[in-house]
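For the record, the sequence lines run as chains A and V. Every number in the numbering used here is 104 more than the matching position in the first sequence, counting from 1. Every number in the numbering used here is 1 more than the matching position in the second sequence, counting from 1. Think of the CB as a built atom: it goes at the ideal place given N, C-alpha and C, for glycine as much as any other residue. Read through the structure below, which is laid out as structure tokens, and then see the notes.
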Amino acid sequence: MEKNRSYNRRDFLESGMRLSLALAVGAVGGLAIGKATASEWVWQIDPFACTQCGRCADECVLSPSAVKCVHAFDLCGYCDLCGGYLIPGANGLNTGAENQLCPTSAIHRKYIEDPYFEYVIEEDLCIGCSKCVKGCASFGNGSLHLQIKHDLCKNCNECSIARLCPSDAIKRVPASTPYLVKGGFIEP
Amino acid sequence: MSKRIRTGLAFLLSFFESMSYAQQRFPRPEFESGYVQPAPELPAPRLLSLEYLDVLVLLLVLVLASWFIYEKRSRRGILWLSVFSLAYFGFYREGCICAVGSVQNVTLALFNPEYAIPFTALAFFLIPLAFTLFHGRTFCAAACPLGVAQDLLVARPVALSAGVSKALGVLPYLYLGLAVLFAATGTEFIICRYDPYVGFFRLDASFVMVVLGIGFLLLGLFIARPYCRFLCPYGVLLGWMSRFSKRHLSITPAECIDCKLCAKSCPFDAIEPPTGYQQVEMRESNTRRFLLYTLLLPVFILVGGFLGGKSHVFLSSAHPDVHLAELLINQPELKNDPGHIDVQTFLASGKTMEALVEDARAVRRAFYRGSTILGAFMGLVVGLMLLGQVAFRERKDFEPNKSHCFSCGRCMDYCPVGQERKTT
């Protein structure tokens, strides 16, 4: 009896509001859950859409950027005169610092057999500036290309590079297929 | 059956076509030296099970927080729990995933048919709201890394006057409205971009954000939890839930003795004195003001909507399509500037100017609708805030303001009632 009497108008209004708020949250949740996926999404660069503008090096929240150059060896021609390794009009086809396109010397050139050379990216040095990607795409096969490395990427809610990418090449991809490496991944 | 074969063949053909499209300029050599090509290093993203673990940790922290507040009445428990949350959600998870930012994911999921929201982001949005509806804003006290980062640095809190607090209290509504508008139109996630604390969790941020972050931390020494109280957009939603929550932290375990210690202990000015202490205004003038504000409410909404609609051109220029279209129309000479990346990429893409302008117009129309609604909403918020000033509610004891109280538990610690029971 005592309990009943203490239930006044204010309590009634409050529980009514509580119910409506619960319904509102439930409605938003219900609408959103129809579009929810159990899997996670990560950011990745579509190498065929990338225009090598160079913003990946500067606009990532990390410094240096989580974007690194990846070498799809399947596509590489193992050229001596490599457009990704040597600056245009290089003095000689050798590893001289003055001939290298990469500003941080992150590409290692190794002799395999005449006349082929292997090019390997040292990830710790790579800053994702895309200079080599541009060189390889304009002169070579385009086997060098940029990818977001997921051991480094913080998977920001909105990728700050994606926001500024002029060609909208960075998109969310399912975490089960986190890389769009050329060769395996074919131009859509 | 034959149809299936035919579609299969068509698929295969298109496959080979795309292969031939990707024909290499320099064919891959046939090596004679037994060279084995290395595989590129492609480290996997974080395990999905770990993402689900984050949800579990959030649930656990919220359950423990409720237990500390209601069963143990322990400020110390809340404190250590909050330190754990700062370490886990802040420094280990580095600020992402977070409930504050999830507002934008949910908005984008509701407005953009192409966006699929990860289940974990939805859970981070819903779970704290549901808990707050039943137990008050324990999320703010114990689980939110942004809140805890501020809470631990409260040094010399200054009491703000009620008017200043109320006026600044409108800011979170504006921030929430803008965040929803920008997320719904696919412009950007402003909450994440201007999060002042995430730089500390990552120990890496742009110069502007470092300055902003240090500024907020220094401000937080004197104005306790400045972001939570006067900016946090998720706090708006939590405030609504907490205002009508089923249970809420009670300062004293038994009878209040009006010692005022709790009101002095609260750095957030969230404890309201008994109404007997207040200079209760004349009933008549209060009623007049109440009537006036009620009549003004539709005016506020209309004026807000009008002003919001007026600002849509300015707001929409944050969208990349609108920005680019404006740039090209106002400064056509940029087309000859080889250094302008956005313009040059657009010109090279083959997209026509008409298509770009059409896209920009569609975005601007969406912004017109959105900013009108946002303006009307802000008018409503201001009107209701004024109404709240004159609404009189009797309080017999010192009571926490349910929508503003973060349930940090400082007042429980200071309350002398029942302390003798603790010591003996």
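Residue-level contact to chain A via CB, residue i, 8 Å cutoff
i, result
"Gln353(V)", "Note that residue 353(V) is Thr in the sequence shown, not Gln. No, Thr353(V) does not count as interfacial toward chain A."
"Ala110(V)", "yes"
"Phe32(V)", "yes"
"Ala131(V)", "yes"
"Arg396(V)", "no"
"Phe378(V)", "no"
"Pro275(V)", "no"
"Tyr36(V)", "yes"
"Ile79(V)", "no"
"Thr346(V)", "yes"
"Leu381(V)", "no"
"Gly392(V)", "The amino acid at residue 392(V) is misidentified as Gly; the sequence shows Ala. Output row for Ala392(V): interface = no."
Residue i in three-state terms, based on DSSP
i, result
"Cys173(A)", "strand"
"Gln105(V)", "helix"
"Gln38(V)", "coil"
"Ala273(A)", "coil"
"Arg213(A)", "strand"
"Pro278(A)", "strand"
"Leu57(V)", "helix"
"Ala140(A)", "strand"
"Gln204(A)", "strand"
"Glu359(V)", "helix"
"Ile231(A)", "coil"
"Glu115(V)", "coil"
"Glu311(V)", "Reading the sequence as shown, one finds Lys at residue 311(V) and not Glu. Lys311(V): helix per DSSP, three-state reduction."
"Leu218(V)", "helix"
"Ile128(V)", "helix"
"Lys286(A)", "strand"
"Pro227(V)", "helix"
Delimiting residues of the alpha helix (DSSP H) encompassing residue i
i, result
"Leu248(A)", "Per DSSP, Leu248(A) belongs to no alpha helix (DSSP H); it is in the beta strand (DSSP E), 248 to 252."
"Phe202(V)", "199 to 203"
"Asp184(A)", "Here Asp184(A) belongs to no alpha helix (DSSP H), and DSSP marks it neither H nor E."
"Asp338(V)", "Premise fails: Asp338(V) is in no alpha helix (DSSP H) and is neither H nor E."
"Ala241(A)", "235 to 243"
"Gln151(V)", "146 to 152"
"Lys167(V)", "163 to 169"
"Arg159(A)", "159 to 163"
Residue-chain proximity (residue i, chain V), Cβ-Cβ < 8 Å
i, result
"Thr155(A)", "yes"
"Tyr220(A)", "yes"
"Val132(A)", "yes"
"Arg159(A)", "yes"
"Lys199(A)", "For clarity, residue 199(A) is Thr in the given sequence; the question names Lys instead. Chain V, which has no Cβ nearer than 8 Å to the Cβ of Thr199(A), makes this no."
"Glu226(A)", "no"
"Ser167(A)", "yes"
"Asn203(A)", "no"
"Leu125(A)", "yes"
"Val174(A)", "yes"
"Tyr283(A)", "yes"
Per-residue burial, residue i [other beta carbons within 10 Å of its own, 16 or more giving buried]
i, result
"Glu359(V)", "exposed"
"Phe231(V)", "buried"
"Gly196(A)", "exposed"
"Leu80(V)", "buried"
"Phe125(V)", "buried"
"Asn198(A)", "exposed"
"Ala392(V)", "exposed"
"Gly410(V)", "buried"
"Met210(V)", "buried"
"Tyr215(A)", "exposed"
"Arg251(A)", "Contrary to the premise, residue 251(A) reads as Gln rather than Arg in this sequence. Result: buried."
"Gln332(V)", "exposed"
"Met339(V)", "First, the amino acid is wrong: residue 339(V) is Pro here, not Met. Looking at its Cβ environment, which holds fewer than 16 other Cβ atoms inside 10 Å, Pro339(V) is exposed."
"Lys247(V)", "exposed"
"Asp255(A)", "exposed"
"Thr121(V)", "buried"
"Asp428(V)", "An answer regarding residue 428(V) cannot be provided, because it is not within the stretch 2 to 425 covered by chain V."
Range of the contiguous beta strand (DSSP E) that encloses residue i
i, result
"Arg74(V)", "From DSSP, Arg74(V) is part of no beta strand (DSSP E); its letter is neither H nor E."
"Gln148(A)", "145 to 149"
"Tyr220(A)", "220 to 225"
beta-carbon residue i near the ligand COA non-hydrogen atom, thresh 7 Å
i, result
"Val199(V)", "This structure lacks the ligand COA, and indeed carries no ligand of any kind."
Tell me, please, whether the stretch 111 to 124 of chain V touches the stretch 130 to 141 of chain A by the rule of three or more beta-carbon pairs shorter than 8 Å.
Yes, they touch.
Check whether the stretch 266 to 276 of chain A and the stretch 148 to 160 of chain A are in contact - that is, three or more C-beta pairs closer than 8 Å.
Three or more Cβ pairs closer than 8 Å define a contact, and the stretch 266 to 276 of chain A meets that threshold against the stretch 148 to 160 of chain A.
Between the stretch 60 to 72 of chain V and the stretch 136 to 144 of chain V, do at least 3 Cβ pairs fall closer than 8 Å?
Flag = yes, the stretch 60 to 72 of chain V and the stretch 136 to 144 of chain V touch.
Is the number of C-beta pairs between the stretch 83 to 98 of chain V and the stretch 159 to 177 of chain V that are closer than 8 Å three or more?
The stretch 83 to 98 of chain V makes no contact with the stretch 159 to 177 of chain V, as fewer than three CB pairs between them are under 8 Å.
Report yes or no: do the stretch 27 to 44 of chain V and the stretch 372 to 383 of chain V share at least 3 C-beta pairs separated by less than 8 Å?
Flag = no, the stretch 27 to 44 of chain V and the stretch 372 to 383 of chain V do not touch.
Three-pair Cβ contact test at 8 Å for the stretch 170 to 188 of chain A versus the stretch 244 to 259 of chain A
A contact exists between the stretch 170 to 188 of chain A and the stretch 244 to 259 of chain A.
With a threshold of 8 Å, are at least 3 pairs of Cβ atoms found where one atom belongs to the stretch 173 to 190 of chain V and the other to the stretch 319 to 326 of chain V?
The stretch 173 to 190 of chain V is in contact with the stretch 319 to 326 of chain V.
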